[in-house]
Amino acid sequence: MAGEDETLPPRPAAPPNRRIGALSGNTKGISTTADTSAEAAPDVSTNANSDQNPDPRSAPAGPSEENAAAASAPDITLPHVGELESASDDAIVDPSEAVLESIDLDTWKWPEFFAFALTRMQEIFPTGGIPRGIGPVREYVTGDNDFRPLTIDREKWPAIDEDWTTVGDVLANTHTDAWLVTRGGVALAEEYAWPMKPARQHMLFSVSKSIVATVIGALADAGLLRTTDLVTTHVPALAKSGYVGATIRDLLDMRSGIKFSEEYLKEGSEIRALFEAVDFAPRTATSAKGIKNFLSRLTSDREHGSAFVYRSCETDVLAWIAEAVTGQPFSIVASEYVWSRIGAAHAAQVCQDRWGGSIADGAISATLRDLARFGEMIARGGTTDNGERVLSSEWVDDVFTGTEDSAKIFAASPSGRSYPGGMYRSQFWLPSASRDVVIGIGIHGQMLYIDRATQTVGVKLSSDPEPVSLAAQHGTLAMFEAIAEAVPTTGRTPADPAPTEAAARNAAQSASPVVPTAAASARPTAAASADPSIGSPEAESAEALAAEAGPAAVAPADAVAAAATSVESVPADTLPAPAEAAPVAPAPADPAPAAPAAADPASGDPASAAPVPPASDSAPPAAAPPEATTSAAAPQTPPLPGTQAAPLVGQNTLY
């Protein structure tokens, strides 16, 4: 791969085998002052099909495709992974605009455009911004670890390709766009492949479901709903649909009786009809007018609360309920109750249909690190690193443990054969009973891994042309498990706040790098940049930084320029809420820090108790939102072995 000059081909007859074998942790950046507002990419090719730049992987277009391909394929050369080089003032060419001109509702899933489109959904679809709020960013210390040599457990996860034996094999063969593993404020490993970047939002597909269910949990904690409530109590528009008699808990666990097929490649399936309704697939004369119109047409074919059947439509109804109980768009509700409280550095966004409905089941986009921050909140039992409570510990415990029949119901489903001993609870997957782990899974290779026992969080964002690959799912899961087992734990519990960034950095400077295991040598995957401007916000234009906040929050250019003093975040106080939105229902307030005993859920102190214990699904709603608690400062724990003080952004990036 290295050294090749890969030309963007016309649409191939077969998907190209896009492997990330050259994925590495460090490349040269743009170091000149004049270049810091542009994104580096190779020069424009004069002929996309020239003899000098053949693409051995592409098949000739058929007679009926030649004219369309010539008209649609941009005359550019896309960068190879790992081939980014420094450029002079007049040599920087960004193919982004040329690629975008060829992407539309019909072509965004073409293999040659797919990876790029997943980082540019706001350019293709209407989106609603999910603002990050005005709180502090949860910072990371960058670690130097090479986990590629680690052996993965193929016996536990038998669907793994027989040729994959190490972490490196999984990364190289699963269309990796970016991946990250964190623990206790340390980014143990973090890499990006073009066109993904630290500040770019990537489509999460069905990992979005876990975020939506968490928003529902926060609303339940605030007393705005109960999981035993009937769906039609909050959304009367569904009173003539198959959702009559279904509860919110039925939707959270995907145990409603709704007739719905999740066969993505099957013509006539309900998921295909959903895609048509929201313009993810070409519309027909009978297509529903948006997500809400589609949901109102669904019928039931079994009793609610019975079997587990994976249905994306359930999540969209949950988002509709969130809007109904707050009177606000889902994007604003998600920000107010979750995203603005996890220490996110950037806004997230959710695609919308042309009628303004949120496609919440699989169209949320977020940056790599922000998704890890969300996962860390879950791993800590619903609190942030400084002890602020976002979600009740009862809700989180219920996600990890389920109810008596959760595992039994799951085992009887087709998914039970893929994840023996697992279950599905509140739109998270428990892959097996052997570890205290839940995961979020998205088609095309997305995964959020949360190991509560070791406080390890893993994120992998991908652009696999195939919607579902059990081999890739098992391989990614085995990869994260191998890393979680390889890195020694620090002994902190989920209730303990993570070390502050400054303390972690100071300790990291005096810590000696140690190999994660005997099987993996601790050679750096990335070296610190010599130029302080590389990887900083100065390296991106002020307009690009402002655009990341989404339509719901756009900052003035001068305000964004001032934000360059922050390493990773765009201060949200420069990002006003949309003018048309009314004030959102208040999220749980943050009182003054409490004593350690008050922050301990096991202490029985009402201050730390959740108003609506989700495990029972029967408690009445509380009159007041849950109170945030702050643990007393614990003795600072040194960061994990193999860490170093380094810039927070661009340190381990390819682009």
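Residue numbering for the sequence shown follows my numbering, starting at 4 and increasing by one per position. A virtual CB, placed ideally from N, CA and C, is assigned to each residue, including glycine. Here the structure is a predicted model, which is why all the values come from computation and not from measurement.
Coarse secondary structure for residue i, derived from DSSP in three states
i: K463; result: strand
i: E158; result: coil
i: V184; result: strand
i: F116; result: helix
i: Q476; result: helix
i: M124; result: helix
i: T345; result: Note that residue 345 is Ile in the sequence shown, not Thr. I345: coil per DSSP, three-state reduction.
i: A43; result: Residue confidence is low: A43 scores 37 on pLDDT, short of 50, so the model does not pin down where it sits. Its coordinate-derived value is still stated next. A43 falls in the coil class under three-state DSSP.
i: I163; result: coil
i: V247; result: coil
i: L233; result: strand
i: T289; result: coil
i: G385; result: coil
i: S334; result: helix
i: T179; result: strand
i: A261; result: The amino acid occupying residue 261 in the given sequence is Ile; Ala does not appear at that position. The answer is strand: DSSP assigns I261 an E or B state.
Residue i versus the options, residue with shortest Cα-Cα distance
i: N389; options: S334, Q430, R455 and G187; result: G187
i: T217; options: T230, R438 and D304; result: T230
i: D373; options: D107, A221 and W182; result: W182
i: S264; options: P417, S105 and A474; result: P417
i: R151; options: G171, E142 and Y143; result: G171
i: P198; options: R286, D253, A118 and P491; result: A118
i: L121; options: G445, L153 and R383; result: G445
i: A487; options: G461, E193 and A474; result: G461
i: A322; options: L371, A350, T302 and Q355; result: Q355
i: H447; options: R376, K112, S396 and V184; result: K112
i: A337; options: F377, F208 and L301; result: F377
i: L191; options: S303, W167, D166 and D149; result: D149
i: R157; options: A481, T492, A489 and V490; result: A481
i: T457; options: P491, Y195 and T406; result: P491
i: E306; options: R300, M257 and T329; result: M257
i: T185; options: P239, A382 and R300; result: A382
i: I453; options: E326, W432 and L473; result: W432
i: Y340; options: A325, H349 and G248; result: A325
i: L298; options: G308, D304, L277 and T287; result: L277
i: D467; options: V102, D109, E115 and I106; result: E115
i: S465; options: V173, D164 and V234; result: V173
i: S309; options: G260, I345 and T287; result: G260
i: E126; options: R203, E165 and I163; result: R203
i: K212; options: I362, A284 and D164; result: I362
Distance between beta carbons of residue j and residue i, contact taken as under 8 Å
i: R428; j: S409; result: 6 Å
i: Q352; j: T169; result: Q352 to T169, Cβ: 35 Å. No contact.
i: E273; j: S290; result: Not really, about 12 Å apart at Cβ, beyond 8 Å.
i: Y143; j: V189; result: 7 Å
i: L153; j: A489; result: 6 Å
i: I137; j: W342; result: The pair is not a contact, with the Cβ atoms about 12 Å apart (cut-off 8 Å).
Residue i - containing beta strand (DSSP E), residue span
i: T130; result: T130 to I133
i: E194; result: V189 to Y195
i: A351; result: A351 to C354
i: S368; result: I367 to A369
Boundaries (first-last residue) of the alpha helix (DSSP H) holding residue i
i: D172; result: V170 to N176
i: L207; result: Counting along the chain, L207 falls outside any alpha helix (DSSP H), and DSSP gives it neither H nor E.
i: K269; result: First-last for K269: undefined, no H or E at that position.
i: E104; result: No alpha helix (DSSP H) contains E104, which DSSP labels as neither H nor E.
i: V320; result: C316 to T329
i: A280; result: E273 to A280
i: L298; result: I294 to R300
i: Y143; result: That residue, Y143, is in no alpha helix (DSSP H); it is neither H nor E in DSSP.
heavy atom of the ligand PLP below 8 Å from residue i C-beta
i: R344; result: No copy of the ligand PLP occurs in the structure displayed, which carries no ligand at all.
Test: residue i CB closer than 9 Å to a CB of chain C
i: W197; result: Structure shown: chain C not included; a single protein chain is present.
Q | Uninterrupted beta strand (DSSP E) stretches inside the stretch 387 to 463 (no shorter than 3 residues) | A | Taking only runs of at least 3 residues, the beta strand (DSSP E) segments lying wholly in the stretch 387 to 463 are 426 to 428, 431 to 433, 440 to 445 and 449 to 454.
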